[in-house]
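Participant: Here the working numbering is used: the first residue of the sequence shown is 87, the next is one more, and so on.
Think of the CB as a built atom: it goes at the ideal place given N, C-alpha and C, for glycine as much as any other residue.
Once you've had a glance at the structure underneath, I'll fire off some questions.
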Amino acid sequence: MLNKSVAVIDVRSSSVTAVVAERGVNGTFVIKSKFASQYDGYAEGEMLDARSFAGALRAVVKSTAEACGGRVKTFYIGVPGEFTSVALSDNTISFQSSRRVSEKDVKSLEESSYPKKRKGWRLIRSGRLYYVLSDMRRVVDPVGMLTDSLRGRLCHYLCASSFCDLCENTLSEFGSVSVYYIPSVHAESMYLISPEKRDEYAVLFDFGYISSSFSVSCGNGVAFSDSFSLGSGHIALYLSETLGLAYDAATVLMSKVNLNSVESPNTTIEFSVEDRTYSFLLRDVKDKIREALDGICEAIEECGRNFNERNVDYKTLYITGESTSCVRGAVDYMSSRLARKVEVVSPGIPFYNKPQFGPLFSLIDTALSDRENSSLVSNILRIFR
């Protein structure tokens, strides 16, 4: 592995991106190489074409290896929400007398809370929502605190074995390569949402191309995650079907609309694709886009209802992902439709401070943190390999 660098693979529902990066100054990152490859995507928890995905993964890994002189031997792969299941645990350990909690106590509680093996799934990581001391204080980090018992509310991320097998079979072509999996919903919540906001539960929506994910974070973990196969690709498809134009033309049309603009009822929008000119009433196009966004908002509302631990409908919906900026004014419309504040979150990095980079830089930050925390890496090796 390159000194101080990590090789991260971000699996989105339209493309696979491999990046070699290291930390820069003031919370920035140094990108040493970046390669992306399109593929058919995934939906309903399955790859639409496993060979297409394997080809894209193979292409970006090969390019990365060549760019780094073959020295990359470890890859951190982001697991999309479609292939992730979050299992919660709530366990308590007691001490003979009141004493200060050690890191060993925390690890013991975590290890005793691992879920039972589930056919078709692999445990890839655990997170810590919060701990409760004997005086009923709720804390994120109990180490050093005085108590005679420790209750842990933890989360455990499971990855579909089919996803792991497909990645590992493809990477086996490159010889001896180590693979670690990072649940994308965890990485995004930890990187894009501040600890203060996560203390009282925070809601994040990753707006993808074919698939999108809804998650509720708390402390240093995710209390709930759900995904559905809707995204900006479906908005373009809806335009294509209802307006009778080619899909490529629909994507161009979508990019030209601003839902916040004000115009007369007879205003038309004209554009050309491959020497063909299209013309539509702008209000009709806007209505179709709003109808498609309504379907996505309904799916978001359904996800919120499925989280029965507490009501989060009033919480700000933080939104990231490549489809966040697919239509100008879409975020404002979603906020109105959902009757809640919707706030775009993205990396605070020059040139990359856009929501489409949120998932990728979240994975980079988590991978670098893992690598810097040698005890965590050894724990991963001991438990998950």
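1. With a cut-off of 8 Å on the beta carbons, I'd call GLY206 and SER313 a contact; round off their distance for me.
2. Does DSSP put THR114 in a helix, a strand or coil?
3. If distances are taken between C-alpha atoms only, which option among SER138, LEU278, GLN124 comes closest to VAL431?
4. Between the Cα of CYS383 and the Cα atoms of ILE321, LYS440, SER326, ASN394, which residue gives the shortest distance?
5. By Cβ distance, which residues of its chain are closer than 8 Å to SER247, with the 5 residues on each side in sequence left out?
6. Out of ASP251, TYR324, ASP227, THR233, which one is the CA nearest neighbour of LEU240?
7. According to DSSP, what are the bridge partners of CYS245?
8. Decide if ARG237 is buried, meaning its Cβ has at least 16 other Cβ atoms within 10 Å, or exposed.
9. Looking at the structure shown, is LEU368 part of a helix, part of a strand, or coil, going by DSSP?
10. Rounded to whole angstroms, how far is the Cβ of SER101 from the Cβ of TYR125, which I believe are closer than 8 Å?
11. For the beta strand (DSSP E) that contains ALA332, what are its first and last residues?
12. Return the residue from the list ASN344, THR452, ARG391 that minimises the CA-CA distance to ASP418.
13. With 16 as the cutoff for other CB atoms within 10 Å, does TYR243 come out buried or exposed?
14. Could you have a look at GLY307 and say whether DSSP puts it in helix, strand or coil?
15. Would the region 270-288 and the region 209-226 be scored as touching if the rule is three or more Cβ pairs under 8 Å?
16. Among PHE393, GLU259, ARG144, ASP251, which has the Cα closest to the Cα of ILE95?
17. For the alpha helix (DSSP H) containing TYR277, name the first residue and the last one.
18. Rounded to the nearest angstrom, what separates MET222 and VAL348 at their Cα positions?
19. I'd like the list of long-range same chain contacts for THR402, defined as Cβ closer than 6 Å, with 5 residues on each side in sequence excluded.
20. Do PHE357 and LYS342 have their beta-carbon atoms positioned less than 9 Å apart in this structure?
Facilitator: Once the coordinates are examined:
1. Not really, about 16 Å apart at Cβ, beyond 8 Å.
2. coil
3. LEU278
4. ILE321
5. GLY206, TRP207, ARG208
6. ASP227
7. THR170, ARG208
8. buried
9. helix
10. 7 Å
11. Here ALA332 belongs to no beta strand (DSSP E), and DSSP marks it neither H nor E.
12. ASN344
13. buried
14. strand
15. yes
16. ARG144
17. 270-278
18. 55 Å
19. LYS427, GLU429
20. yes
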